[in-house]
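*Asks:* Take a look at the following structure, please.
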Amino acid sequence: MIEFQNVSKVYQGDVKAIDDINMTVNDGEFVILLGPSGCGKTTLLRMVNVLESITEGDIRVQGKSSKELNPIELRRNIGYVIQSNGLFPNMTIEDNTMIVPDLLGWDRKKKRNRFNYLMDLVGLNPDDYRKRFPHELSGGQQQRIGVIRAMASDPPVMLMDEPFGALDPIIRHRIQDEFLAIQQEVKKTILFVSHDIDEAIRMGDRIALIREGKIMQYDTPTEILTHPKNEFVSEFVGQDRVLKSMSLYSVQDLVDAFNLESSKQEVADTKMIHSDTSLRVAISMLLNQEADQIVIVDQQDNQLGSLTLNLIEKFLHREVKGKER
Amino acid sequence: MNAKKTLATTTKIILWLLVIVFFWWALSNHMFSKIVEQPAQFISLLETHLKLVSISAGIAILTSIPLGILITRPKFRKFEWLIVNTANLGQTIPSLAILALAMGFLGIGIKAAIVALYIYSLLPILQNTIAGLDSVNPATKDAAKGMGLTSTQILFRVELPSAAYSILAGVRTAVVLNIGTAALAYLIGGGGLGVWIFTGIQLFDNSFLISGAVPVTLLAVIVDLLFRGLQLLLVPKGLRLARKAAIDSV
Numbered sequence: 568m569i570e571f572q573n574v575s576k577v578y579q580g581d582v583k584a585i586d587d588i589n590m591t592v593n594d595g596e597f598v599i600l601l602g603p604s605g606c607g608k609t610t611l612l613r614m615v616n617v618l619e620s621i622t623e624g625d626i627r628v629q630g631k632s633s634k635e636l637n638p639i640e641l642r643r644n645i646g647y648v649i650q651s652n653g654l655f656p657n658m659t660i661e662d663n664t665m666i667v668p669d670l671l672g673w674d675r676k677k678k679r680n681r682f683n684y685l686m687d688l689v690g691l692n693p694d695d696y697r698k699r700f701p702h703e704l705s706g707g708q709q710q711r712i713g714v715i716r717a718m719a720s721d722p723p724v725m726l727m728d729e730p731f732g733a734l735d736p737i738i739r740h741r742i743q744d745e746f747l748a749i750q751q752e753v754k755k756t757i758l759f760v761s762h763d764i765d766e767a768i769r770m771g772d773r774i775a776l777i778r779e780g781k782i783m784q785y786d787t788p789t790e791i792l793t794h795p796k797n798e799f800v801s802e803f804v805g806q807d808r809v810l811k812s813m814s815l816y817s818v819q820d821l822v823d824a825f826n827l828e829s830s831k832q833e834v835a836d837t838k839m840i841h842s843d844t845s846l847r848v849a850i851s852m853l854l855n856q857e858a859d860q861i862v863i864v865d866q867q868d869n870q871l872g873s874l875t876l877n878l879i880e881k882f883l884h885r886e887v888k889g890k891e892r
Numbered sequence: 487m488n489a490k491k492t493l494a495t496t497t498k499i500i501l502w503l504l505v506i507v508f509f510w511w512a513l514s515n516h517m518f519s520k521i522v523e524q525p526a527q528f529i530s531l532l533e534t535h536l537k538l539v540s541i542s543a544g545i546a547i548l549t550s551i552p553l554g555i556l557i558t559r560p561k562f563r564k565f566e567w568l569i570v571n572t573a574n575l576g577q578t579i580p581s582l583a584i585l586a587l588a589m590g591f592l593g594i595g596i597k598a599a600i601v602a603l604y605i606y607s608l609l610p611i612l613q614n615t616i617a618g619l620d621s622v623n624p625a626t627k628d629a630a631k632g633m634g635l636t637s638t639q640i641l642f643r644v645e646l647p648s649a650a651y652s653i654l655a656g657v658r659t660a661v662v663l664n665i666g667t668a669a670l671a672y673l674i675g676g677g678g679l680g681v682w683i684f685t686g687i688q689l690f691d692n693s694f695l696i697s698g699a700v701p702v703t704l705l706a707v708i709v710d711l712l713f714r715g716l717q718l719l720l721v722p723k724g725l726r727l728a729r730k731a732a733i734d735s736v
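Sequences listed follow chains A and B, in order. Counting in the working numbering, the first sequence runs from 568 upward without gaps. Counting in the working numbering, the second sequence runs from 487 upward without gaps.
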């Protein structure tokens, strides 16, 4: 758990970078700090592991104030990932990954086991990469190593500063998915900086939208998209926020909402869509005139019904607009 | 790429041919006779020369590297210009003038020569230490700090290994320059192989000249090679490979 209590940061000359922030990140929660560049989101993140000083207020990590702890001790218990991965060019991948366990005095065997486990987690063969060096890896691989390095000593809390920002869209998307799957398994408390609304919607349990050092709205992605609190939030999420909110729902949600019956009839020559696809992709397929209706199938290729634009519109009214006050 | 390689190989071959021609000429004209006739004298001159170089360069290494580390720490950053400019001064003043100045303060003898050579060696090591430490990616240092490494751990585990190539290159430059400059030590009574070189000049005697000059040159070449070997030993493998990959991809 991370608690921000009346946190402010003032630079010389009375520039308020962070202005009286109060928020809580619960255990196992994935929270995105979202905002335009220069809004103070990175500063706020770096205040958690005391890379930036706190002018006023207090930040408590796992119940302990950063003022009580020695910064070195504190940082070793918080995973830290940055955009440009920051791998050490002079160390092998294994040494890079195991730097914190090494500082904590783990024995060889424990380190090796941990390395193998983590590499498996991100789908890299531990033996292939153990003795390699960072420059021999692709950008995506380097960033995966950056992530597991932060997880090496199994810290309960992780800070991530635009970790996937430097990757190309396809790789970024894939790593985001991978990381979400890992998070399902490890359930870390994560504070994640991003300037990308789509990334925030995809990844976050909750989003804190920040502007000029103040929190504009701290809510779930659905709430932020459907009920923006003010002008800034609605402008930041964009005119197409309804479309964006569609990526929060899967075709399965629609199937559940309308209790679609599985039609046993065999339909030839139609497109099929898996029920775990997002509605945003489904709309795109329909609008692309690939077909007027798409057959929904589950993992075992059982047909669950058919999807039309009409049906999605109905779902939209019920699920999304229906909630608007 | 290929044209470059051919040019490089051709240059190398021509250079080696010239070296062989030179040695053939020197040997057939008994140019190294002094070494053969007065081996004891030669050994003692060589010893003095090595002493001049090793003491002055050794102290220069022991002061420049820690100094370079110190002024790249955030606390002392503001003194960087002062120290680098001072060291620059040592390099800009002609080596002969430094020798003359050292003699003015310390009199004639090996001590003055060592001090002059020391001042002359400071800058290349200092500059390369600073450049090497500055070239470490700030993001790497930030990640290290954020993961809870202490400043000392960051210095020894990340910064110095990353800067090793540059620092060693500085040491190599300084020592090789030092070997050549040490030949001037004779002028202020410092001894060394310069004694034979200057005798040769004064007497128009090529055998003195070459018996002194060729060993100095060989010494410089050998020490240069030794330091290249040392670079292989001390620069972390990952950095060497990265460097090679970067050069190959150009």
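The C-beta atom is built at its ideal place from N, Cα and C for all residues, glycine as well.
#1: Using a Cβ-Cβ distance cut-off of 8 Å, determine whether L727/B contacts chain A.
#2: Please confirm if I542/A has its CB atom under 8 Å from at least one CB of chain B.
#3: Can you tell me where the alpha helix (DSSP H) with E570/A in it begins and where it stops?
#4: I840/A by DSSP, collapsed to three states: which one?
#5: Quick one, which of W510/B, I529/B, L609/B, I551/B has its alpha-carbon nearest T578/B's?
#6: Can you check whether the CB of L726/A is closer than 8 Å to the CB of V615/A?
#7: What is the C-beta distance between L585/B and L670/B, in whole angstroms, given that I count them as a contact (C-beta under 8 Å)?
#8: Please confirm whether I551/B and I653/B have their CB atoms less than 8 Å apart.
#9: Using only CA atoms, which one of S581/B, K537/B, A649/B, Q527/B lies nearest to G554/B?
#10: Are there three or more Cβ pairs, one per stretch, closer than 8 Å when the region 787 to 794 of chain A is compared with the region 750 to 761 of chain A?
#11: If we define contact as Cβ-Cβ less than 8 Å, is A655/B a contact residue for chain A?
#12: Report buried or exposed for P647/B, applying the criterion of at least 16 other Cβ atoms within 10 angstroms of its Cβ.
#13: Can you name the residues of chain B whose CB is closer than 8 Å to the CB of L618/A?
#14: Report the CB separation of K678/A from P693/A in whole angstroms; it is logged as a contact under 8 Å.
#15: Could you tell me which uninterrupted beta strand (DSSP E) segments, each at least 3 residues in length, are contained entirely in the region 605 to 686 of chain A, listed from first to last along the chain?
#16: According to a CB-to-CB cut-off of less than 8 Å, which residues of the region 674 to 704 of chain A neighbour chain B?
#17: Say whether chain A places a C-beta atom closer than 8 Å to the C-beta of S648/B.
#18: Measure the alpha-carbon distance for L792/A versus A717/A and round it to whole angstroms.
#19: Taking the beta strand (DSSP E) that P732/A falls in, what are its first and last residues?
#20: Could you name each continuous beta strand (DSSP E) segment of 3 residues or more that falls completely within the region 714 to 787 of chain A, going from the start of the chain to the end?
#21: With a threshold of 8 Å between beta-carbons, can A625/B be considered close to chain A, or not?
#22: Touch check for the region 684 to 704 of chain A and the region 577 to 589 of chain A: three-plus C-beta pairs under 8 Å?
#23: For T636/B, return the contacting residues in chain A, with the cut-off set at a CB-CB distance below 8 Å.
#24: Could you name the residues of the same chain whose beta carbon sits closer than 6 Å to that of V505/B, not counting the 5 residues immediately before and after it, in chain order?
#25: Please state if the CB of E645/B and the CB of L619/B are separated by a distance shorter than 8 Å.
#26: Pull the bridge partners of F597/A from the DSSP assignment, please.
#27: Helix or strand or just coil, what does DSSP make of T558/B?
#28: Report yes or no: do the region 617 to 636 of chain B and the region 611 to 629 of chain A share at least 3 C-beta pairs separated by less than 8 Å?
#29: If contacts are defined as beta-carbon pairs under 8 Å, then G676/B and A583/B qualify, I think. What distance do you get, rounded to the angstrom?
#30: So, helix, strand or coil for V809/A, using DSSP?
#31: Is R847/A close to chain B? Criterion is C-beta to C-beta, closer than 8 Å.
#32: Going along the chain, which residues of its own chain have a beta-carbon closer than 8 Å to the beta-carbon of S604/A, five neighbours each way excluded?
#33: With a threshold of 6 Å on Cβ separation, who are the neighbours of Y651/B within its own chain once the five nearest residues in sequence on each side are excluded?
#34: For K796/A, which of helix, strand or coil comes out of DSSP?
#35: Express the C-alpha separation of L716/B and V661/B in angstroms, rounding to a whole number.
#36: Consult DSSP for N574/B and reduce its assignment to one of helix, strand or coil.
*Replies:* The relevant details are as follows:
#1: The residue given as residue 727/B occupies position 241 in the second sequence. Yes - at least one Cβ of chain A is within 8 Å of the one on L727/B.
#2: Residue 542/A lies beyond the residue range present for chain A, which begins at 568 and ends at 892; the question has no answer from this structure.
#3: The count along the first sequence starts at 1 and reaches residue 570/A at position 3. Element bounds for E570/A: not the alpha helix (DSSP H) but the beta strand (DSSP E), 569 to 578.
#4: Position 273 of the first sequence, counted from the first residue, corresponds to residue 840/A. The answer is strand: DSSP assigns I840/A an E or B state.
#5: The count along the second sequence starts at 1 and reaches residue 578/B at position 92. With distances taken between Cα atoms, T578/B lies closest to L609/B.
#6: Here residue 615/A corresponds to residue number 48 of the first sequence, with the count starting at 1. Here residue 726/A corresponds to residue number 159 of the first sequence, with the count starting at 1. Closer than 8 Å, so yes.
#7: As a position in the second sequence, residue 585/B is number 99, starting the count at 1. As a position in the second sequence, residue 670/B is number 184, starting the count at 1. With a Cβ gap of about 6 Å, L585/B and L670/B count as contacting.
#8: Locating residue 551/B in the second sequence gives position 65, where the first residue counts as 1. Locating residue 653/B in the second sequence gives position 167, where the first residue counts as 1. For I551/B and I653/B, yes; Cβs fall inside 8 Å.
#9: The sequence position of residue 554/B within the second sequence is 68, counting from 1. Among S581/B, K537/B, A649/B, Q527/B, the Cα nearest to that of G554/B is on A649/B.
#10: no
#11: For the purposes of this step, residue 655/B is taken as residue 169 along the second sequence, with counting starting at 1. So no, A655/B is outside the interface.
#12: Within the second sequence, residue 647/B is the residue found at index 161, counting from 1. Counting Cβ neighbours within 10 Å, P647/B comes out buried, since at least 16 surround it.
#13: Residue numbering aside, residue 618/A sits at position 51 when the first sequence is read from its first letter. Per Cβ cutoff of 8 Å: D628, K631, G632.
#14: Counted from its first residue, the first sequence places residue 678/A at position 111. Counted from its first residue, the first sequence places residue 693/A at position 126. About 12 Å separates the two Cβ atoms, so there is no contact after all.
#15: 623 to 628, 645 to 649
#16: F700, P701, H702, E703
#17: Counted from its first residue, the second sequence places residue 648/B at position 162. Answer yes: the Cβ-Cβ gap between S648/B and chain A drops below 8 Å somewhere.
#18: In the first sequence, counting from the first residue as 1, residue 792/A sits at position 225. In the first sequence, counting from the first residue as 1, residue 717/A sits at position 150. Rounded to the nearest angstrom, the two C-alpha atoms are 31 Å apart.
#19: Counting from 1 along the first sequence, the entry for residue 732/A is found at position 165. Correcting the residue type first, residue 732/A is Gly in the shown sequence and not Pro. Premise fails: G732/A is in no beta strand (DSSP E) and is neither H nor E.
#20: 724 to 728, 756 to 761, 773 to 778, 781 to 786
#21: For the purposes of this step, residue 625/B is identified with residue 139 of the second sequence, where counting begins at 1. Closer than 8 Å to some Cβ of chain A, the Cβ of A625/B qualifies, so yes.
#22: no
#23: Counting from one through the second sequence, the residue named residue 636/B turns up at place 150. Simply I639.
#24: As a working note, residue 505/B is residue 19 in the second sequence. Answer for V505/B: no residue qualifies.
#25: Translated into the one-based positions of the second sequence, residue 619/B becomes position 133. Translated into the one-based positions of the second sequence, residue 645/B becomes position 159. Cβ distance < 8 Å, so L619/B and E645/B count as in contact.
#26: The residue you call residue 597/A lines up with position 30 of the first sequence. DSSP, once it has assigned bridges, lists I757/A as partnering F597/A.
#27: Within the second sequence, residue 558/B is the residue found at index 72, counting from 1. Residue state, collapsed to three classes: coil.
#28: yes
#29: For the purposes of this step, residue 676/B is identified with residue 190 of the second sequence, where counting begins at 1. For the purposes of this step, residue 583/B is identified with residue 97 of the second sequence, where counting begins at 1. Incorrect: roughly 15 Å between the Cβ atoms, too far for contact.
#30: To locate residue 809/A, count along the first sequence from 1; it is residue 242. DSSP places V809/A in helix when its eight states are reduced to three.
#31: As a first step, residue 847/A must be located in the first sequence, where it is residue number 280. Not one chain B Cβ lies under 8 Å of R847/A.
#32: Position 37 of the first sequence holds residue 604/A. The residues are H762.
#33: Here residue 651/B refers to the residue found at position 165 of the second sequence. If we look at Y651/B and ignore the five residues flanking it on each side, its Cβ neighbours are V721.
#34: Position 229 of the first sequence, counted from the start, is the residue given in the question as residue 796/A. Coil.
#35: Numbered from 1 along the second sequence, position 175 holds the residue referred to as residue 661/B. Numbered from 1 along the second sequence, position 230 holds the residue referred to as residue 716/B. For V661/B and L716/B, the distance between alpha carbons rounds to 13 Å.
#36: For the purposes of this step, residue 574/B is taken as the residue at position 88 of the second sequence. Three-state result, N574/B: helix.
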